[in-house]
Each structure stands twice: as C-alpha cells, then as structure tokens.
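Chains as they are written, first to last, in the working numbering: chain A, 11 to 496; chain G, 11 to 496. We put the beta carbon where it would ideally sit given N, CA and C, even for glycine. Given the structure is predicted, the values throughout are model-derived calculations rather than measurements. A short worksheet on the structure shown next.
2 protein chains.
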Amino acid sequence: MPDRLIQPPDPAQPIPLYRQLYNNLRAAILTGRLKHGTRLPSTRELSESLNVSRNTVLNAFEQLLAEGYLESAPASGTFVAMTLPETPSQPAPRSGRVEKPRWSAIARALTAAPAMHVGDPARKDAGHPRAFRVGLPALDAFPATLWARLVARRARHSDARGLDYQATAGYRPLREAIAAHVTVSRQVRCTADQVVIVSGSQGALDLVARLLVDPGDPVWMEDPGYLGARGALVSAGAQIVPVPVDAEGLRVDVGRKRCPEARLAYLTPSHQFPLGVTLSLTRRLELLAWARSAGAYLVEDDYDSEYRFHGRPLAALQGLDDSGRVIYVGTFSKTLFPALRLGYLILPPALIDTFLAARAFVDGHTAALEQGALTDFIVGGHFGRHLRRMRGLYAERRATLLRALDGLPLEPFAADTGMHCIGWLPSGADDAGVARAAAAHDVDVTPLSRFSLTAHARPGLLLGYAGVDPAGIRAGARRLALALKG
Amino acid sequence: MPDRLIQPPDPAQPIPLYRQLYNNLRAAILTGRLKHGTRLPSTRELSESLNVSRNTVLNAFEQLLAEGYLESAPASGTFVAMTLPETPSQPAPRSGRVEKPRWSAIARALTAAPAMHVGDPARKDAGHPRAFRVGLPALDAFPATLWARLVARRARHSDARGLDYQATAGYRPLREAIAAHVTVSRQVRCTADQVVIVSGSQGALDLVARLLVDPGDPVWMEDPGYLGARGALVSAGAQIVPVPVDAEGLRVDVGRKRCPEARLAYLTPSHQFPLGVTLSLTRRLELLAWARSAGAYLVEDDYDSEYRFHGRPLAALQGLDDSGRVIYVGTFSKTLFPALRLGYLILPPALIDTFLAARAFVDGHTAALEQGALTDFIVGGHFGRHLRRMRGLYAERRATLLRALDGLPLEPFAADTGMHCIGWLPSGADDAGVARAAAAHDVDVTPLSRFSLTAHARPGLLLGYAGVDPAGIRAGARRLALALKG
C-alpha cells in the first residue's frame, strides 16, 4: 500500500488540494519513493486515506496521466509509468555543487568591463538624487502630470492594431517627429526612413557594434570615453584603439597614426564625454575625410547636446557628412527621463535594410505605448518647451555649482553645454580614492580615471549638476569640501 | 564682396531668419564658395544687402564663430576660418556612389536567416487580423479599458524615482508576481531573484545566446523549429545541430548521437513550435540527464503553454531540473499583447550575476511604466482571469477551425494546447506554393517548410486560430478551400 508514501494535502495552504496532491505524487515518483509499475490505490481508497474528496484525487490523477507520470490500464487500475528509462539521480541540492558556468567570450568581456548601471542607482539615492550623480536630468522638473495625461490618452485609444506587433523601425509618426526635430535643432540631414527607435542609446550602440564590428576589428574610441559605448564595442569583440582627446576633441592625427584601418570611431562631438570639450570644425572635417578614405563609420553619440547655455546648440557632425559615413545616436534619457528607455539611430540610407532585418532578431521592436505618448509630447510642442526650460534650469544649477565649488581644492572646468562639469585634481592625486572618501560623506562624484583607456590620465572628478536642486548642490559641495580635507 | 555668394533668407519659410542665414553661410563655406580667410562684410552691410535685421546677422555670426566656421580679429572684422586644413571635396550626391557597407559576420548571418516580423505585420492586416496568422492572440478580447486604467494610474503616481534608471533585472514587484505565477501555474521552482525582465522572448533568447554561445559552438535546435530562436543563436555564431521532433518531442537520442558535446539545446517542451507535440516525460528526463553530463544548458521556451484546453497546463521542464541546467523563457506577447514587449528569463542561480552585469551593456533595462501596470494586472487577479477566459475562447476558436477545415484536402493536427494547428498536406506537396496561393486569396497560412532546418520535411500549413473570431475563421477556411482547389 503505497499511500503512506504520499503526503496528504494540507487544507491550510493557499494551493488547491488537488494541486498539492499532484505535487506530492509527482515528488514521490521522481524521487523513487513510488517505483515504476507500482499500482496506485483506487481513487476511492486514496480519497479516504488522504482525507480529501474523490474529485481532488481524480483531478490530480488526470494531470499526472496527461504528463506521463501515471499510466492507466482498462479494468486493472492506475500505475506509475513504466516508460521512465532512467530515474533521475538523487536530486542535487539546489545550491551546492553547481558546476561553474562556461561563459561566452562576450560574457567574459562584459563582466570584465567597468560596470555602469548594474544594480539600482535610484534605490541607492533613497528617493532623492544625491549630488553629484552624472547623467541624471532634473526629474523633479519633468512635467510628469502632462506626461501621464498623454500616456493615459494613448492607452485609452489603443486598438487591436496598437496591441499587435509593430514595425521593427518604430512608430512611424514618432520617427517623423524625431526627423523634424533633429533637422531643425541639430542640423541633421535625414528623412524619417533613416530613424530607427531603439531601447535608449545603449540599445543603439549595441546594435551598431554587432552589425558593423567583427571580433578583432579595430575601433577608435575617445580616451577617456563613455563606458556604455565601450561595453557595446567590447561585446562585439572590438579591439579598442584609444585615441586621446585634447581641447579640440578627438586627436584625429593620433588615430590615423595608430590605426588608419579602424572600422568605426565612437565619438561625442558636441560635448565630449566625460571631458566636456567640443570637437572643432577642423577635426570634424578631418574625421569625415578619414572615414571616407577608410570606409569607416563614425558613430556620433549626441547624448546631451540639447543643453547649450549660450548661443544655439552646435550643429551635429552628421549634417556635415555627404558620404553616408555618420551614424547618429540620440536618446530621450537625458531630455525626458531614463526609465522611458527610448533612443534612436539615424542611419545612412545604405544601412537601413540590414539594420531592420537584423534588429527583428535582437528584441523585435520597442514597446508601443510610450512611443505614442512621446510623439504627442514632441508634436504638441511640449518637448521644445521642456528643453528650453531645462536649458535655463541647468544653466542656473551650473552657476550654483561653480559658485559652491569656489575655494575647494579643485580646478573646475564647466563647458558651456551639458549636465556635468569637471573638477580637476592636482596631478598625482588619486581621484578614485577621493571619490570613495566623498561617498563616505554621502557625495556621489565619479573619478575621471574610471573612463580612461590608458594608464596616465589627469586625475579629476565628474560632478553632475542637472539632477540636483540648488540647495542640494550647495549641501553636496559642503560635504565634498569635508571629504577633500580628508 | 562676397555677399552675393550668400543666399538671402526667405521670410516665407518656417525656419527663423538667423537660422537660415547660418545655414546659407555654412553651406557657402563648406562648398568653398567662401574661401578660407575671406573677410566678411560687416554685420551692418550684410543686414542691408540681405534685407534682414542686424540682430539676425549677429545671431548667425555668433553661432558660426562658436562652431569654428568663422574667426574674428579685434578691430579688423570677421573672417572665414583659416584652420580648415582641407576643404571637403565637392559633396557627393546623398544617394549615388555609396560604397557597399562591410557588414559583420553577425549581420550577414542575420540577414541570411529567414525573416520573422520584419516590416509591420499589423499594417498588412489593414486593421483587423487576417486568418490564420500564427502567434497572434485575441487582441479583440483583451481588456484594453482595464489595462488603460492601470497604466494611467501608474503614470499618474510615477515620482522622480520611477523616472530614474531602474534595476537591470526589472521591477522587483513584477519579478515577484511572475515568480509566484509560474510556481503555481507552471510548477517552475524559482525565487524572484532568478527572474529577469527583458524585451519579449526575443530579448531573452538573444541574451542567452550571446552569453552562453561562442562562435562555432554547437547548439541543438528542434527541427522544425522557431525562427526567432534560430536567429538569436545564429547571431551568436552558433553551429546549429538540427534534432528531429517526433510524436514525443525532441529525439534526444539523435541529438546525443549527432553532437553529445553541444553547449545548449533550444526547446519548446509544452507545445513544440511549430508541430504542437508535447515533450514526453521520458524525453524530459533524458534531456536533463544529458544536460547534466554535458554541462549544457536547456533553454525552455514556454511561449504559449498557458493555453491548454483539457486538464491543467503541463508542468514546465524547469520544475524537474535539480542541477541548474534549465533556463526558462516566458513572454507576455501571447498572454497579453505583443506590442507590450515584456518577457522574462528565469535563470539558474549560478547565472544571475553575469547576466545582469552583461545586460546593462545591451539595453540597460526594460522601460518602467508598463512593468508597473503589468504588476498590478497580475497581482489584482486580472491575469489569471484573462488566461481562463482566453482558454475558453481559444478552445472555441480551435473547434470552429477544425469544423471549418472539414472536407478540405488537409489532414488537421490540433494539439490540445496552444494557439495554432497544423494542416498536413499530401507528401510531395509544395507547402510554400500553397501558402502563396492562399495569400492571393487573402489568407495567411505559414508553410511548415519555413521552419525546417533540413531538406526533407513533411509539407504542411500552420493555421493560427487564436487571433481571429469565428466568422473570420469560417471565411478564412472558405478562401483557403478556393486556394487549395487551385
């Protein structure tokens, strides 16, 4: 009588009784407590011995029969299936003795790369942003109520077609709105066909790297440079060629000397990340000439160029390109908010078809609802208005930060654009150590050395000012002063 | 007097006058009409000759000075910059003479792979779904009003923290809700820590392939099998080992013979795609034993298992795994709607950290808003209710389809689960040809041969029934009958 081998269901548990019985029977079979070919008691007998209804037993049996754990023979009853060719060995403990996974080269490269946003940066900030996190826009000044209204309207009016799979390239009206915006405000030359909506600028960089870089291909990268781009390039197996940055931006001459045959160059021309310099026109033209002759692509990451405080934003490199060598990357993480995960690529026409065909296998497309809301935000004029407001706000916060840093042993460099400034440390200083000391004082500064591809970088700190209000900036600067005193 | 070289701004255009002047001056410089070192007329002179205000000229100059197109010398005026080392050659026409891009091996492999959803499937359907598209849920029966309410509420209550970058693994309460759901309904054994929210099942498969497969690594794939998985594996450079499928699912014995050392096996155990068979318990145990001994991973794509019409859904393979070899892939594309782009991975504990570290470089994380709404949908009991309703609806639609196919020269096979059935054609028939004929009659059937990895597959058609109402199913069957008559 195997019924003692079967644990009775517990009516106090939230799981239906038949399901508990199913689980218990299955466990008994899998662990070998109920052997192959064992005849089970009748449903009536089991219902009595386990103190459950006969229906409960019938339901559990039906499921186990369907899954092949049990077999029934007409007129002779129900048996543990004979066709299990091997009983699983004693279940290993779920944790211990797990073999070390064999990771791909990509996985190994990515985990060796300096991390960016692993974990939960917002949680670290315990609800309000800490001074001086880099890359954080003024979320307190985002028109969240308006945004919620636009989202709600789109959600209400979504029909079956809006719920279905969408175009791989993104929502057509959004692509048109982006094309119109970058044409006017960034002097980009494109049509909506060239715009592909992706998951933030990271989704764009990842796609570009995978489709244009083979393992071992050399790629120019600004040194110091953006870790997200570096990760995407490394994950494609790129051999990173560090190219130094001076006051005019990327040293094209050095790149040409080190590796004239690079496949790609990653650039932040409007506001170099992290140094903040602008790529000069001379260098832009040099770069375009090199890209043409080398058949290389220039990836222009225009992450925060909308925030220029004097004059108009600088024109994009893409607008100077007449040979289809520039891939423009934009994001709404800095202009709206990061959790939106909407960015875009503007592709040279010759690249469009292959990018779309390949992208279908990467993540299908980007979710539809917020693409619709974003379209309404841009077309309704809210985007332009928000950018203008933020420009004013960030200019103020930048000025507040520079005043607050006065007297600190830092040499500030604050470009006329962007969302962060640099505080240079005396040469020989350990900027990572300073950042750790600042963290102990609850200040989030990012050491410049983190972005270096080569050993000898001038030490300095990145100080984000856009996401923190003036009181927070002043308080942060006071705590930073304490940290710098040691 | 170079001012004749400068096109005057046109007040009829929607672009501000200073911006037009800026564009025109820049174009004149870049095309060499204004040579290096040329002295420009004074702002007063230009304002008169171009018939614009002096402020307009000043604004344009300011911008061109900032960008390095112009230089100013105190007391002597404004000049075209001398520091342009090379004038760009005559701008090539934007279209013609573009060099053929050099694509990565990944890009070449992906564009050679059979396409899935390139383009816009919803648009093809012109607003209402065509019978018998595969993989389409009943969007007409989705509780869109309730969903809109949940989304709107989340949007209204989103604070600065909700707008910020989010955890790479996804929204914690959603991970908990998913863990609870799959534990009860799919017998998956996991904690919320093992759940990672990604962009649909495609995002999951892509991530798995990249992190666990190196170029040239052999991977078992069901033959015939799912094109999305094949694309993700191919893009990681996998060497696909086709393993045939019979009435009990994957022929594990054949896989072991062909390639015992495969790194990974891709599987749809609950309802094999496209054939619809269920992987038997025997095979499941064989597979787990092989994976343990080979150190391989089993990727369980549980894409539509919630729809089983008799008895309870079959337990997931993952629940039988005691050695951390099964990676479970789930999606809400079939249970809610595809445009949501939310799917999830359930990882063996040993894989979690590396997946999260690497994923930060792929797309950061998944957008926050709809993760919140989905959490409310599940926790509020709406998800369970919707699944139950859809189970009834799809069972009806399946029965309608089978009745409507009666008399057609097709041998139907409709598994007791899922969203589509198979119509077998006489051996030797050209299923792709039949599908083309059906398309000419406005019926969307998918030829089985499309999913074959090897040449000799039995010809048949996939007929999706979930997304089409009974009238549409009957009309589709009538049109299909015409197409089959030729």
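For this session: Output the distance between the C-alpha atoms of G:E81 and G:Q30, rounded to the nearest integer angstrom.
Result: Here residue 81 of chain G refers to the residue found at position 71 when the second sequence is read from its first residue. Here residue 30 of chain G refers to the residue found at position 20 when the second sequence is read from its first residue. Approximately 20 Å, taken between the alpha carbons.
Problem set entry | Closest by C-alpha distance to G:G428, when choosing among G:R401, G:L160, G:W434, G:N33 | Taking the first residue of the second sequence as 1, we reach residue 428 of chain G at position 418. Taking only the C-alpha atoms, the option nearest G:G428 is G:R401.
For this session: Please work out which residues of its chain come closer than 6 Å, Cβ to Cβ, to G:S333, disregarding the five sequence neighbours upstream and downstream, and give them in chain order.
Result: Here residue 333 of chain G is taken as the residue at index 323 of the second sequence, counted from 1. Here the set comprises R302.
For this session: Report the partner residues of A:L260 according to the DSSP bridge assignment.
Result: In the first sequence, the residue the question calls residue 260 of chain A occupies position 250. Bridge partners of A:L260: A:V255.
Exercise. Which of the residues in the segment 283–309 of chain G, read from start to end, lie with their CB under 7 Å from any CB of chain A?
Worked result: Flagged, chain order: S290, L291, T292, L295, E296, L298, A299, G305.
Problem set entry | Limits of the unbroken alpha helix (DSSP H) element including A:E380 | As a position in the first sequence, residue 380 of chain A is number 370, starting the count at 1. Going by DSSP, A:E380 is part of the alpha helix (DSSP H) stretching over 379–389.
Exercise. What span of residues does the beta strand (DSSP E) with G:T376 cover, start to end?
Worked result: Translated into positions along the second sequence, residue 376 of chain G becomes position 366. Neither: G:T376 is in no beta strand (DSSP E) and is coded neither H nor E.
Problem set entry | CB contact flag (A:A272, A:V244, <8 Å) | Within the first sequence, residue 272 of chain A is the residue found at index 262, counting from 1. Within the first sequence, residue 244 of chain A is the residue found at index 234, counting from 1. Their beta carbons are not under 8 Å apart, which means A:A272 does not touch A:V244 by this criterion.
Exercise. From this set, G:A476, G:L472, G:G443, G:A481, which residue's C-alpha is nearest G:G496's C-alpha?
Worked result: By 1-based counting over the second sequence, the position of residue 496 of chain G is 486. With distances taken between Cα atoms, G:G496 lies closest to G:G443.
For this session: Report the neighbours of A:D216 on chain G: residues whose CB is nearer than 9 Å to its CB, in chain order.
Result: Taking the first sequence and counting its residues from 1, the one referred to as residue 216 of chain A is at position 206. Under the 9 Å cutoff, chain G gives F371, V372, D373.
Problem set entry | Residue-chain proximity (A:D441, chain G), Cβ-Cβ < 8 Å | For this step, residue 441 of chain A is matched to residue 431 along the first sequence. Not a single CB atom of chain G sits nearer than 8 Å to the CB of A:D441.
Exercise. Of the residues A:D426, A:T376, A:R468, A:A425, which one's Cα is nearest the Cα of A:S437?
Worked result: The residue labelled residue 437 of chain A in the question sits at position 427 within the first sequence. Relative to A:S437, the option among A:D426, A:T376, A:R468, A:A425 whose CA is nearest is A:R468.
For this session: Figure out for me which residue from A:V264, A:H320, A:L285 has the closest Cα to the Cα of A:S459.
Result: Along the first sequence, one-based indexing puts residue 459 of chain A at 449. It is A:L285.
Exercise. Helix, strand or coil for A:P103 per DSSP?
Worked result: Here residue 103 of chain A refers to the residue found at position 93 when the first sequence is read from its first residue. Residue confidence is low: A:P103 scores 39 on pLDDT, short of 50, so the model does not pin down where it sits. Its coordinate-derived value is still stated next. Collapsing the DSSP output to three states places A:P103 in coil.
Exercise. Do you know whose CA, among A:Q212, A:R261, A:Y313, A:A189, lies nearest A:T233's CA?
Worked result: Mapped onto the first sequence, residue 233 of chain A falls at position 223. Rather than Thr, the amino acid found at residue 233 of chain A in this sequence is Asp. Looking at the Cα atoms, A:R261 is the closest of the given residues.
For this session: Helix, strand or coil for A:P131, going by three-state DSSP, please let me know.
Result: Indexing the first sequence from 1 puts residue 131 of chain A at position 121. For A:P131, the predicted structure reports a pLDDT of 47, less than 50, and the residue's modelled location is therefore unreliable. A value from the coordinates is still provided. DSSP, reduced to helix, strand and coil, places A:P131 within a helical segment of the structure shown.
For this session: Please list the partners that A:F152 has in chain G, where partner means a Cβ-to-Cβ separation under 9 Å.
Result: Here residue 152 of chain A refers to the residue found at position 142 of the first sequence. Around A:F152, the beta-carbon contacts reaching into chain G at under 9 Å are A170, L173.
Exercise. Nearest-angstrom Cα distance between A:V205 and A:V223?
Worked result: Residue 205 of chain A sits at position 195 when you count from the first residue of the first sequence. Residue 223 of chain A sits at position 213 when you count from the first residue of the first sequence. If you take the alpha carbons of A:V205 and A:V223, they lie about 21 Å apart.
Exercise. What do you reckon, are the CB atoms on A:R351 and G:A377 nearer than 8 Å?
Worked result: Here residue 351 of chain A is taken as the residue at index 341 of the first sequence, counted from 1. Here residue 377 of chain G is taken as the residue at index 367 of the second sequence, counted from 1. Cβ distance < 8 Å, so A:R351 and G:A377 count as in contact.
Exercise. What are the boundary residues of the alpha helix (DSSP H) that G:S82 is part of?
Worked result: Position 72 of the second sequence, counting from 1, holds the residue named residue 82 of chain G. Premise fails: G:S82 lies in the beta strand (DSSP E), 80–83, not in any alpha helix (DSSP H).
Problem set entry | For A:D454, three-class secondary structure by DSSP | Indexing the first sequence from 1 puts residue 454 of chain A at position 444. Coil.
Exercise. Within 8 Å (strictly less), CB to CB, does A:I116 reach chain G?
Worked result: The residue you call residue 116 of chain A lines up with position 106 of the first sequence. It does; some Cβ of chain G falls within 8 Å.
For this session: Leaving aside the five residues before and after G:S105 along the sequence, list all residues of the same chain whose C-beta is less than 6 Å from its C-beta, in chain order.
Result: For the purposes of this step, residue 105 of chain G is identified with residue 95 of the second sequence, where counting begins at 1. In this prediction, G:S105 has a pLDDT of 44, which is less than 50 and means its spatial position is unreliable; nothing more can be read from the coordinates.
Problem set entry | First and last residue of the uninterrupted alpha helix (DSSP H) at G:A465 | Position 455 of the second sequence, counted from the start, is the residue given in the question as residue 465 of chain G. For G:A465, there is no enclosing alpha helix (DSSP H), as DSSP marks it with neither H nor E.
Problem set entry | 7 Å CB neighbourhood of G:G172 in its chain, flanking five on each side removed | The residue given as residue 172 of chain G occupies position 162 in the second sequence. Only A378 meet the Cβ criterion.
Exercise. Do A:P19 and A:L60 have their C-beta atoms closer together than 8 Å?
Worked result: Working through the first sequence from its first residue, we reach residue 19 of chain A at position 9. Working through the first sequence from its first residue, we reach residue 60 of chain A at position 50. Between A:P19 and A:L60, the CB-CB gap stays under 8 Å.
For this session: Could you check how far apart the C-beta atoms of G:M231 and G:V208 are, in whole angstroms? I think they sit under 8 Å.
Result: Here residue 231 of chain G is taken as the residue at index 221 of the second sequence, counted from 1. Here residue 208 of chain G is taken as the residue at index 198 of the second sequence, counted from 1. Wrong, their Cβ atoms sit about 20 Å apart, outside the cutoff.
For this session: With DSSP collapsed to three states, give me the class of A:G340.
Result: Position 330 of the first sequence, counted from the first residue, corresponds to residue 340 of chain A. If DSSP states are grouped into helix, strand and coil, A:G340 belongs with the strands.
Exercise. Leaving out five residues before and five after A:P95 in sequence, what residues of the same chain have Cβ atoms less than 7 Å from its Cβ?
Worked result: On the first sequence, position 85 is the one that residue 95 of chain A refers to. Any reading at A:P95 needs caution, since the residue's pLDDT is 33, under 50, leaving its predicted position unreliable; the model's value is listed next. Cβ contact annotation for A:P95 (same chain, cutoff 7 Å, sequence separation greater than five): none.
For this session: Please name the residue, chosen from G:E310, G:R318, G:Y276, that lies closest to G:V339 on a Cα-to-Cα basis.
Result: Working through the second sequence from its first residue, we reach residue 339 of chain G at position 329. Shortest Cα-Cα distance from G:V339 to any of G:E310, G:R318, G:Y276 involves G:E310.
For this session: Pull up the CB-CB distance for G:K344 and G:D314, whole angstroms please, since I reckon it's below 8 Å.
Result: By 1-based counting over the second sequence, the position of residue 344 of chain G is 334. By 1-based counting over the second sequence, the position of residue 314 of chain G is 304. About 5 Å; that satisfies the 8 Å criterion.
For this session: Jot down the residue ranges of each uninterrupted alpha helix (DSSP H) in the segment 412–454 of chain A, minimum 4 residues, whole runs only, in chain order.
Result: Runs of the alpha helix (DSSP H) spanning 4 or more residues and lying entirely within the segment 412–454 of chain A occur at 441–450, in chain order.
For this session: Counting only the same chain and skipping the five closest in sequence on each side, list residues whose C-beta sits under 8 Å from that of A:A202.
Result: On the first sequence, position 192 is the one that residue 202 of chain A refers to. Closer than 8 Å at the Cβ level, and outside the excluded window around A:A202, lie R182, R185, E186, I188, A189.
Exercise. If we count Cβ pairs, one from each stretch, closer than 8 Å, do we get three or more for the segment 445–461 of chain A versus the segment 111–118 of chain A?
Worked result: These segments do not touch.
Problem set entry | Classification of A:A497 by the beta-carbon crowding that lies within 10 angstroms, buried from 16 upward | Residue 497 of chain A is absent from the structure shown; chain A starts at 11 and stops at 496.
Exercise. Looking at the structure shown, is A:G474 part of a helix, part of a strand, or coil, going by DSSP?
Worked result: The sequence position of residue 474 of chain A within the first sequence is 464, counting from 1. The three-state secondary structure of A:G474, taken from DSSP, is strand.
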